[in-house]
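Enquirer:
Protein chains: 2
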Amino acid sequence: MRRVAAHVFVEDVAAPAVEVGEADFHHLSRVLRLRPGEAVSASDGAGWSRLCSWAGAPLLEPAGDAVFERRPEPEVAVGFALTKGAHPEWAVQRLTEAGVDRVVLMTTAHCVARWTPADVPRRLGRLREVARQAAMQSRRSWLPAVEGPLAFSELVGAGPAGVALAVPNGAALSLATPTVLVGPEGGWAGEELDAVRTHVALGPHVLRAETAALAAGLLLVALRAGLMGEVPAGRAGEP
Amino acid sequence: MRRVAAHVFVEDVAAPAVEVGEADFHHLSRVLRLRPGEAVSASDGAGWSRLCSWAGAPLLEPAGDAVFERRPEPEVAVGFALTKGAHPEWAVQRLTEAGVDRVVLMTTAHCVARWTPADVPRRLGRLREVARQAAMQSRRSWLPAVEGPLAFSELVGAGPAGVALAVPNGAALSLATPTVLVGPEGGWAGEELDAVRTHVALGPHVLRAETAALAAGLLLVALRAGLMGEVPAGRAGEP
Numbered sequence: 164m165r166r167v168a169a170h171v172f173v174e175d176v177a178a179p180a181v182e183v184g185e186a187d188f189h190h191l192s193r194v195l196r197l198r199p200g201e202a203v204s205a206s207d208g209a210g211w212s213r214l215c216s217w218a219g220a221p222l223l224e225p226a227g228d229a230v231f232e233r234r235p236e237p238e239v240a241v242g243f244a245l246t247k248g249a250h251p252e253w254a255v256q257r258l259t260e261a262g263v264d265r266v267v268l269m270t271t272a273h274c275v276a277r278w279t280p281a282d283v284p285r286r287l288g289r290l291r292e293v294a295r296q297a298a299m300q301s302r303r304s305w306l307p308a309v310e311g312p313l314a315f316s317e318l319v320g321a322g323p324a325g326v327a328l329a330v331p332n333g334a335a336l337s338l339a340t341p342t343v344l345v346g347p348e349g350g351w352a353g354e355e356l357d358a359v360r361t362h363v364a365l366g367p368h369v370l371r372a373e374t375a376a377l378a379a380g381l382l383l384v385a386l387r388a389g390l391m392g393e394v395p396a397g398r399a400g401e402p
Numbered sequence: 164m165r166r167v168a169a170h171v172f173v174e175d176v177a178a179p180a181v182e183v184g185e186a187d188f189h190h191l192s193r194v195l196r197l198r199p200g201e202a203v204s205a206s207d208g209a210g211w212s213r214l215c216s217w218a219g220a221p222l223l224e225p226a227g228d229a230v231f232e233r234r235p236e237p238e239v240a241v242g243f244a245l246t247k248g249a250h251p252e253w254a255v256q257r258l259t260e261a262g263v264d265r266v267v268l269m270t271t272a273h274c275v276a277r278w279t280p281a282d283v284p285r286r287l288g289r290l291r292e293v294a295r296q297a298a299m300q301s302r303r304s305w306l307p308a309v310e311g312p313l314a315f316s317e318l319v320g321a322g323p324a325g326v327a328l329a330v331p332n333g334a335a336l337s338l339a340t341p342t343v344l345v346g347p348e349g350g351w352a353g354e355e356l357d358a359v360r361t362h363v364a365l366g367p368h369v370l371r372a373e374t375a376a377l378a379a380g381l382l383l384v385a386l387r388a389g390l391m392g393e394v395p396a397g398r399a400g401e402p
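Protein chains in written order, with the working numbering: chain A, 164 to 402; chain B, 164 to 402.
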């Protein structure tokens, strides 16, 4: 998938001719300036991909059969508190590149920003488009889910199995908790720290909220990909 | 160092009254709006720090002795190819938060952007200021070095000991190569790949150059802090 000139998401990778959407066609022809014959991979965002050939038209010429790539396990998710400005877009884009499966926006006791309910569909739609574009750039065959905003209590629910909170001086990350939640600049409230008892550190220094979210995603995915190993509990993060 | 209201770099932490520069004084009083008595840590950027108390003036009241924090070992460095726009600032800022000791800008065979020699002092000065501010936010007592731009051959020199190149499908990262170089979007040239034979992967997907630079810094620092472990050579990254 890496040597292709472009990667694009389509409705149906198994069709006799694979059709690219209008905006993507524009991007491939005008921005990337593909030339006829260049290799393009098409994916349905749910594991199926197919090698195609650029023909200068919205219909790609299939150059092979559709192949399926299993979703990596465990599912890796990062939740972060709503922030102002363009930061959610930034985080969604980078977390998608990193290979996270699920990005969840949340509201916490100390988080300042809120979305009005009427604004949610537009904002979520925008973030999903950011994720789609980042997944094209990073050649993913699975699109990440982008969800929220959920209240911390809703997200954690009754059984926070598999969930860890990022804190300074926490323990080492583990795939036993493949969902990591990153708090707002104002930090976690006491009841939040009590509700989820696994506390992990993403590094030795204080990180901005959005850098912390990306760190959580990069470290979890590196663990899952076997590029890093877990350290025994208690070895790291002792204050 | 984490519970203080602010962290600031000063010339001399051992002085009877610790003096804050004009711009930092403005930041602490007007932006962070510190109140008299709030705790501020002052550092000289070379390991010495001192807990102080805000007195509403450029002179901080020392609230303890100066303490020295050893520089963590090994020195962790990330080099990345010059990019256009604000990306170097973005990378320097985040790499400083992550805890990298040295950030090196480089030019490579396939990198598009160049700095004119006359521009170098201004641009480097700006990046060092970005690093200083990020180090204040992330409470570092050591300022990172920001260097360059160096040609790839100059940087790697005759003995590229301890240096690895980031590539797709590379091996797992190791502190045996605590300097990781990230190529431009155009990739490494063949002779560059030959000059440095340790090739490491930062994740399973294609990363933008600046995300890759940050990933290298976060992963190396997590390894050094004992938050992640190295995997045996050859286990990861097999195509």
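C-beta: ideal position from N, C-alpha, C; glycine also.
Which residues of chain B have a Cβ atom closer than 8 angstroms to the Cβ of A:Ala329, listed in chain order?
Expert: Near A:Ala329 there are no residues of chain B at all, since even the closest Cβ is about 11 angstroms away, more than 8 angstroms.
Enquirer: List the residues of chain B that A:Arg257 touches, going by C-beta distances under 7 angstroms, in chain order.
Expert: Here the neighbours are Thr374.
Enquirer: By the 10 Å Cβ neighbour count, where 16 or more other Cβ atoms means buried, how is A:Glu373 classified, buried or exposed?
Expert: Its Cβ being crowded by 16 or more others within 10 Å, A:Glu373 is buried.
Enquirer: Check each candidate in B:Gly333, B:Asp357 and B:Ala375 and name the one with the smallest Cα separation from B:Gly117.
Expert: In the structure as shown, chain B begins at 164 and stops at 402. Residue 117 of chain B is therefore absent and cannot be evaluated.
Enquirer: What separation, rounded to the nearest whole angstrom, lies between the Cα atoms of B:Lys247 and B:Ala276?
Expert: When rounded, the distance between both Cα atoms is 6 angstroms.
Enquirer: Taking Cβ-Cβ distances shorter than 8 angstroms, what residues in chain A pair up with B:Ser192?
Expert: Near B:Ser192 there are no residues of chain A at all, since even the closest Cβ is about 20 angstroms away, more than 8 angstroms.
Enquirer: When the cut-off is 8 angstroms and only beta carbons count, does A:Ala324 lie next to chain B?
Expert: No, A:Ala324 does not count as interfacial toward chain B.
Enquirer: For a contact meaning CB atoms closer than 8 angstroms, what does A:Arg303 contact in chain B?
Expert: Near A:Arg303 (Cβ distances below 8 angstroms), the residues of chain B are His368.
Enquirer: Cα-Cα, which of A:Cys215, A:Pro235, A:Ala379 and A:Ala254 is closest to A:Glu182?
Expert: Cα-wise, what sits closest to A:Glu182 is A:Cys215.
Enquirer: With a threshold of 8 angstroms on Cβ separation, who are the neighbours of B:Arg398 within its own chain once the five nearest residues in sequence on each side are excluded?
Expert: Unreliable positioning characterises B:Arg398 in this predicted model, as indicated by a pLDDT of 49, which lies under 50. The coordinate reading is nonetheless provided below. Answer for B:Arg398: Ala335, listed in chain order.
Enquirer: How do the stretch 341-354 of chain B and the stretch 196-203 of chain B stand: do at least 3 beta-carbon pairs fall below 8 angstroms, yes or no?
Expert: With a cut-off of 8 angstroms, the stretch 196-203 of chain B and the stretch 341-354 of chain B do not count as touching, because too few Cβ pairs lie within range.
Enquirer: If contacts are defined as beta-carbon pairs under 8 angstroms, then A:Ser301 and B:Leu370 qualify, I think. What distance do you get, rounded to the angstrom?
Expert: The Cβ separation is near 7 angstroms, so the contact holds.
Enquirer: Should A:Arg213 go down as buried or exposed, given a rule of 16 or more other Cβ atoms within 10 Å for buried?
Expert: That one is buried.
Enquirer: Could one say the Cβ of B:Leu195 lies closer than 8 angstroms to chain A's Cβ atoms, at least one of them?
Expert: It does not: the Cβ of B:Leu195 has no partner Cβ on chain A nearer than 8 angstroms.
Enquirer: Pull up the CB-CB distance for B:Thr271 and B:Gly346, whole angstroms please, since I reckon it's below 8 angstroms.
Expert: Yes, B:Thr271 and B:Gly346 are in contact; Cβ-Cβ is about 6 angstroms, under 8 angstroms.
Enquirer: Between which two residues does the beta strand (DSSP E) containing B:His273 stretch?
Expert: Neither: B:His273 is in no beta strand (DSSP E) and is coded neither H nor E.
Enquirer: Within the stretch 335-375 of chain B, note down every full beta strand (DSSP E) run reaching 3 residues or more, in order along the chain.
Expert: Runs of the beta strand (DSSP E) inside the stretch 335-375 of chain B: 342-345.
Enquirer: In this structure, what does DSSP give as the bridge partners for B:His170?
Expert: B:His170 pairs with B:Ser204.
Enquirer: Identify, in the order they occur along the chain, each residue of the same chain with its Cβ nearer than 8 angstroms to the Cβ of A:Trp253, setting aside the five sequence neighbours on each side.
Expert: Closer than 8 angstroms at Cβ, skipping near neighbours: Glu373.
Enquirer: As a quick exercise: from A:Ala209, A:Trp351 and A:Leu382, pick the residue whose alpha carbon is nearest that of A:Val230.
Expert: Measuring from the Cα of A:Val230, the nearest candidate turns out to be A:Ala209.
Enquirer: For B:Gly311, go through chain A and note every residue whose CB falls closer than 8 angstroms to its CB, in chain order.
Expert: Going along chain A, no residue has its Cβ under 8 angstroms from B:Gly311, so there is no contact; the nearest lies around 22 angstroms.
Enquirer: Helix, strand or coil for B:Met391, going by three-state DSSP, please let me know.
Expert: Three-state DSSP puts B:Met391 in coil, outside helix and strand.
Enquirer: Within the present structure, is the beta-carbon of A:Ala226 separated from the nearest heavy atom of the ligand NAD by less than 7 angstroms?
Expert: No copy of the ligand NAD occurs in the structure displayed, which carries no ligand at all.
Enquirer: Quick check on this structure: which residue in B:Pro284, B:Ala244, B:Asp207 and B:Arg233 has the alpha carbon closest to the alpha carbon of B:Val266?
Expert: When only C-alpha atoms are compared, the closest one is B:Ala244.
Enquirer: Between the Cα of A:Val176 and the Cα atoms of A:Glu292, A:His170, A:Ala205 and A:Arg166, which residue gives the shortest distance?
Expert: The candidate whose alpha carbon is nearest that of A:Val176 is A:Ala205.
Enquirer: For my contact list, B:Val241 and B:Leu258 are in at a C-beta cut-off of 8 angstroms; report their separation, rounded to the angstrom.
Expert: That belief holds up - the Cβ atoms of B:Val241 and B:Leu258 are roughly 6 angstroms apart, short of 8 angstroms.
Enquirer: Let me confirm a value: B:Gly227 is counted as buried when at least 16 other C-beta atoms fall within 10 Å, else exposed. Which label applies?
Expert: That one is exposed.
Enquirer: Judging by CA-CA distance, which residue of B:Leu222, B:Ala168 and B:Pro237 is the nearest neighbour of B:Leu197?
Expert: Out of B:Leu222, B:Ala168 and B:Pro237, B:Ala168 has the C-alpha closest to the C-alpha of B:Leu197.
Enquirer: Once the 5 residues before and after B:Glu232 are set aside, which same chain residues still bring their CB inside 6 angstroms of it?
Expert: If we look at B:Glu232 and ignore the five residues flanking it on each side, its Cβ neighbours are Gly210 and Ser304.
Enquirer: Could you give the residue range of the alpha helix (DSSP H) that holds B:Val255?
Expert: Per DSSP, B:Val255 belongs to the alpha helix (DSSP H) from His250 to Ala261.
Enquirer: Under 7 angstroms, CB to CB, which of the residues in the stretch 327-360 of chain B have a partner in chain A?
Expert: Correct list: Pro331, Ala335 and Leu336.
Enquirer: Around the Cβ of B:His368, are there at least 16 other Cβ atoms within 10 angstroms (buried) or fewer (exposed)?
Expert: Buried.
Enquirer: Quick one: grab the DSSP three-state call for B:Val176.
Expert: Three-state result, B:Val176: coil.
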